Amino acid sequence: GLSRLLDACCALGLLRRDGLLYSNAPAAARYLARQSPDSLAGYVLYSNEALWQLWARLEDSLREGSPRWRQAFGIEGPIFSGFFRTPEARRAFIQGMHGFGRLSSPAVVRAFNLSRFNQIADLGGTTGHLAIAACERYGAMRGIVFDLPEVVAFAQPCLAASRAADRLAAVAGDFFIDPLPPADLYALGRILHDWPDEKIFMLLRRIHAALPPGGGLLIAETLLDDDGLGPIPALMQSLNMLVCTEGRERTAGGYADLLEECGFHKVEARRTGAPLDAVLAIRKE
91 GLSRLLDACC ALGLLRRDGL LYSNAPAAAR YLARQSPDSL AGYVLYSNEA LWQLWARLED
151 SLREGSPRWR QAFGIEGPIF SGFFRTPEAR RAFIQGMHGF GRLSSPAVVR AFNLSRFNQI
211 ADLGGTTGHL AIAACERYGA MRGIVFDLPE VVAFAQPCLA ASRAADRLAA VAGDFFIDPL
271 PPADLYALGR ILHDWPDEKI FMLLRRIHAA LPPGGGLLIA ETLLDDDGLG PIPALMQSLN
331 MLVCTEGRER TAGGYADLLE ECGFHKVEAR RTGAPLDAVL AIRKE
């Protein structure tokens, strides 16, 4: 039975076979081996243990227009409490977000010229992959990763391993409640798609109030096409948000509407060629 599984993995491009010996194909070695810095193993585990159960209730989610955490796991309260039910679940989720973030963060910080900004605060930044990418690209920039206390502990070793480690720090806090760390560039990577509009407006207004005139907000999300009919990964991710959260994916124009409502202007959106695209907005001077 095992040989059937291994041969199927060879056909999928995950393994290579040489006689009776099987070994990882390059893609598996990079993205599935736990020791790889680009590993997505945590995201695969999270998908298997959580997303599978939620997607199994897609029909109910479509009928009721709400996520399935209570139905699948009996979880009450904030949706994201489900990600931290156990230390193992917390670790798998955060490692998954780190691996997924590393696929896109370098492309996101290249999408715009951010050299005029001095300090980036990555709100809800988990392991700091976005702040790390920004500080490694822009040698004068300093970075702060701002996330919940149970998350920032995972950021510390990632920041320490960066070649910009002396310009990076982690701070614990809740971006809906606590004072935001000072910065002239805030970043939200895969944050806004998690929340309903009222929470988004609350967060954007907090960021706008904390920014100096001319300061910026960098958003990393999967953008829908203007007609809302593609690309396929963005549409599937929007369905994923339906079963998982109270949010959704948006078009570039949809983000511009949110940002302008909260006092931002000069909103630009760029496709990056990576899983996440980039939006930059500026506080009026």
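Take 91 as the starting number for the sequence shown in our numbering and just add one per residue. C-beta: ideal position from N, C-alpha, C; glycine also. Here the structure is a predicted model, which means the values were calculated and not measured.
Have a look at L329, D367, A368, D347 and flag the residue whose alpha-carbon is nearest the alpha-carbon of R153.
L329
Anyone know if the C-beta pair for R360 and F202 falls short of 9 Å?
yes
Beta-bridge pairing of H355 - partner residues as DSSP gives them:
I372
So for L249, helix, strand or coil by DSSP?
helix
Please say whether I372 and G263 have beta carbons closer to each other than 9 Å?
In this structure, I372 does not lie closer than 9 Å to G263 by Cβ.
Taking three-plus beta-carbon pairs below 8 Å as touching, is the region 234-248 in contact with the region 216-226?
With the cut-off at 8 Å, the region 234-248 and the region 216-226 touch.
Can you pull the DSSP bridge partners for F266?
Per DSSP, none; premise fails for F266.
Apply the 10 Å Cβ neighbour rule to I184 and answer buried if 16 or more other Cβ atoms are within range, or exposed otherwise.
Per the 10 Å Cβ criterion, buried.
Between R124 and chain D, is any beta-carbon pair separated by less than 9 Å?
In the structure shown, chain D cannot be found, because there is only a single protein chain.
Given this structure, state the Cα-to-Cα distance separating V134 from V199, to the nearest angstrom.
Cα to Cα, V134 sits roughly 26 Å from V199.
If you drop the 5 nearest sequence neighbours on each side, which residues of the same chain put their C-beta closer than 6 Å to that of A259?
I234
As a quick exercise: from L144, D316, G103, pick the residue whose alpha carbon is nearest that of G164.
Proximity to G164 across L144, D316, G103 peaks at L144, based on C-alpha coordinates.
Counting along the chain, where does the beta strand (DSSP E) carrying Y276 start and finish?
275-279
On the three-pair Cβ rule with 8 Å, is the region 293-309 touching the region 264-272?
yes
Which partner residues does I210 have in the DSSP bridge list?
DSSP output for I210 lists G233, L275 as bridge partner(s).
DSSP bridge partner residues for D108 (one or two, in chain order)
Answer is L111.
Alpha-carbon to alpha-carbon, E311 and H188
15 Å
Where does P157 land, buried or exposed, given buried means 16+ other C-beta within 10 angstroms?
Label assigned to P157: buried.
If distances are taken between C-alpha atoms only, which option among R338, I297, G103, G344 comes closest to D316?
G344
Can you tell me whether E288 is buried or exposed, with buried defined as 16 or more other CB within 10 angstroms of its CB?
exposed
On the three-state DSSP scale, how would you describe E350?
helix
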